[in-house]
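Below is one structure, written out as structure tokens, with a few remarks after it.
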Amino acid sequence: MKTPFLFPNSFKRIGWILFIPAFALCLYFSVMNVDTDALLQVNVFALLNDGLFGESKYFGVIRNSIIDELLLFCLIIGGIFICFSKLKREDEFISRIRYESLVWAVYINYGIVLLLAATIYGLPFMNVLFYNTFTMIFFFIIRFHYKLYQLKKAATDEE
1 MKTPFLFPNS
11 FKRIGWILFI
21 PAFALCLYFS
31 VMNVDTDALL
41 QVNVFALLND
51 GLFGESKYFG
61 VIRNSIIDEL
71 LLFCLIIGGI
81 FICFSKLKRE
91 DEFISRIRYE
101 SLVWAVYINY
111 GIVLLLAATI
121 YGLPFMNVLF
131 YNTFTMIFFF
141 IIRFHYKLYQ
151 LKKAATDEE
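Note that UniProt numbering gives residue 23 to position 23 of the sequence shown, counting from 1, and the numbers run on in steps of one.
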């Protein structure tokens, strides 16, 4: 079966290597309320930097902690590699499970966003938007692998 939009199977391992540590660190930083602003400060190019109490800067170099960006990149790239890497045995049924899991993840993700948009206001809503950048991937991974587990279990039960 042709699957032109999927990565090779070897990308799945890279995805897990990127995703799991980044997810654990994000969870740790959030739960423990760790201030990451002083960690890994480097000069970066900023298209726009809107200082909270300072003036806005456009197209300039600023000093910034890149921990948040690194974790976000690892979560998104790792998650995409996990979600969209071929399985060793990729067939029409797996494609259907992949499709249904993606639709399910979109519905769940935006249902939660709508609920939180109606109940969380002000600056805390920025956290909702931050987490929303990778929660759809997270929901897809959970549903897709759960369905694969069910399929594998049903196949072993028949034997």
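Note that beta-carbon positions come from the ideal geometry of N, C-alpha and C, so glycine has one too.
> For Ile-67, which of Trp-16, Pro-4 and Cys-26 has the nearest alpha-carbon?
Replying inline: Comparing Cα-Cα distances from Ile-67 to each of Trp-16, Pro-4 and Cys-26, the minimum goes to Cys-26.
> Which residues in the same chain as Ile-77 place their Cβ atom closer than 8 Å to its Cβ, once the five residues preceding and following it in sequence are excluded?
Replying inline: Result list for Ile-77: Gly-15 and Leu-18, in chain order.
>> Using a Cβ distance threshold of 8 Å, determine whether the segment 94-104 contacts the segment 31-45, with at least three qualifying pairs required.
In response: The answer is no - the segment 31-45 does not touch the segment 94-104, with fewer than three Cβ pairs under 8 Å.
>> Tell me the rounded alpha-carbon separation between Met-126 and Ala-155.
In response: Answer to the nearest angstrom: the Cα atoms are 44 Å apart.
>> Taking the straight line between their C-alpha atoms, what separation do you get for Tyr-149 and Cys-83?
In response: Distance between the alpha carbons of Tyr-149 and Cys-83: 15 Å.
>> I believe Ser-101 touches Lys-147 by the beta-carbon criterion, under 8 Å. Please report the beta-carbon distance rounded to the nearest angstrom.
In response: Your pair Ser-101 and Lys-147 checks out as a contact, with CB atoms roughly 6 Å apart and the cut at 8 Å.
> In terms of residues, what are the limits of the alpha helix (DSSP H) holding Phe-93?
Replying inline: Phe-93 -> alpha helix (DSSP H) spans 92-117.
>> Using a 10 Å radius around the Cβ and a threshold of 16 neighbouring Cβ atoms, would you call Ile-120 buried or exposed?
In response: Exposed, by the Cβ-count rule.
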